[in-house]
Amino acid sequence: DTEVTQTPKHLVMGMTNKKSLKCEQHMGHRAMYWYKQKAKKPPELMFVYSYEKLSINESVPSRFSPECPNSSLLNLHLHALQPEDSALYLCASSQASGGYQETQYFGPGTRLLVL
Amino acid sequence: AQTVTQSQPEMSVQEAETVTLSCTYDTSENNYYLFWYKQPPSRQMILVIRQEAYKQQNATENRFSVNFQKAAKSFSLKISDSQLGDTAMYFCAFMKQNQFYFGTGTSLTVIP
Numbered sequence: 001d002t003e004v005t006q007t008p009k010h011l012v013m014g015m016t017n018k019k020s021l022k023c024e025q026h027m028g029h030r031a032m033y034w035y036k037q038k039a040k041k042p043p044e045l046m047f048v049y050s051y052e053k054l055s056i057n058e059s060v061p062s063r064f065s066p067e068c069p070n071s072s073l074l075n076l077h078l079h080a081l082q083p084e085d086s087a088l089y090l091c092a093s094s095q096a097s098g099g100y101q102e103t104q105y106f107g108p109g110t111r112l113l114v115l
Numbered sequence: 116a117q118t119v120t121q122s123q124p125e126m127s128v129q130e131a132e133t134v135t136l137s138c139t140y141d142t143s144e145n146n147y148y149l150f151w152y153k154q155p156p157s158r159q160m161i162l163v164i165r166q167e168a169y170k171q172q173n174a175t176e177n178r179f180s181v182n183f184q185k186a187a188k189s190f191s192l193k194i195s196d197s198q199l200g201d202t203a204m205y206f207c208a209f210m211k212q213n214q215f216y217f218g219t220g221t222s223l224t225v226i227p
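Heads up: the sequence lines are chains A and B, in that order. For the record, in the first sequence the residue sitting at position 98 is 98 according to the working numbering, with numbers rising by one throughout. Take any residue in the second sequence, count from 1 to its spot, add 115: that is its number in the working numbering.
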């Protein structure tokens, strides 16, 4: 099973709203990732959690706040977003043990529209 | 820094024909991994094929195969017997120490 699930599939929010994106995997992976993807562009890395600790933060604005409550779950809390934050938000996971185990498996994404 | 270049923004191929997508990368590393991912329209990104840099043998997965030229830093993807379901964005990716570097993608359309 190489399934990563994400909820919700679609989200529309105003610039003053607070919302959260959720990602879940049950493959025993210990690294989880958030990416932002604009149409017809490659994914841009936002955050990496390794063994539930934030290991990479790619200079993402503070209006995006990640959280990793346990090894299976990854959240992305959104607050005071801007219209340019509208994008597909992808979650991925990998085993984090080196080599091929670093292959990342992607979820279907949450399509976010900020009005 | 690692960079990945896909020089073909768009390509098309007739159904049942063969097509090759190009990818070059730049790195000073010796041990790394290369991947091709496929992202159909409005659908999930899925792994197509992967290659370890220290393996000289080219990876194959059914109709998908790669031509890995380490010295030239080239990693092209060949799709044989193209099917309508192969229509998608294809991203080449370089991985080192669990960080991915993606190319800009090639949009492939399979024509019936």
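Just so you know, even glycine gets a beta-carbon here, dropped at the ideal spot from N, CA and C. These numbers were taken from a predicted model, which means no experiment stands behind them.
Minimum length 3: unbroken beta strand (DSSP E) runs contained in the region 73–99 of chain A
Listed in chain order, the complete beta strand (DSSP E) runs (minimum 3 residues) inside the region 73–99 of chain A are 73–79, 87–94.
Closest by C-alpha distance to Phe277(B), when choosing among Asn173(B), Arg158(B), Ser122(B), Thr133(B): Outside the displayed range of chain B (116 to 227) lies residue 277(B), so it cannot be described from this structure.
Quick one: list the residues of chain B neighbouring Thr103(A), beta-carbon separation under 9 Å, in chain order. Neighbours of Thr103(A) in chain B, taken as residues whose beta carbon is under 9 Å from its own, are Tyr148, Phe150, Leu162, Arg165, Met210 in chain order.
Q. Would Phe183(B) pass as a contact of Val163(B) if the rule is Cβ separation under 7 Å?
A. No.
(message) Does chain A have any CB closer than 7 Å to the CB of Thr219(B)?
(response) It does; some Cβ of chain A falls within 7 Å.
Taking its Cβ as the centre, do 16 or more other Cβ atoms sit within 10 Å of Pro8(A), making it buried, or is it exposed?
Within 10 angstroms of the beta-carbon of Pro8(A) lie fewer than 16 other beta-carbons, which makes it exposed.
Thinking just about the alpha-carbon of each residue, which of His29(A), Glu84(A), His79(A) is nearest to the one in Ser72(A)?
Among His29(A), Glu84(A), His79(A), the Cα nearest to that of Ser72(A) is on His29(A).
Worksheet item: Any idea if Asp201(B) is buried or exposed, counting beta-carbon neighbours within 10 angstroms, 16 or more meaning buried?
Response: By the 16-neighbour rule on beta-carbons within 10 angstroms, Asp201(B) is buried.
Determine whether the beta carbon atoms of Leu90(A) and Val12(A) lie at a separation below 7 Å.
Cβ distance not < 7 Å, so Leu90(A) and Val12(A) don't count as in contact.
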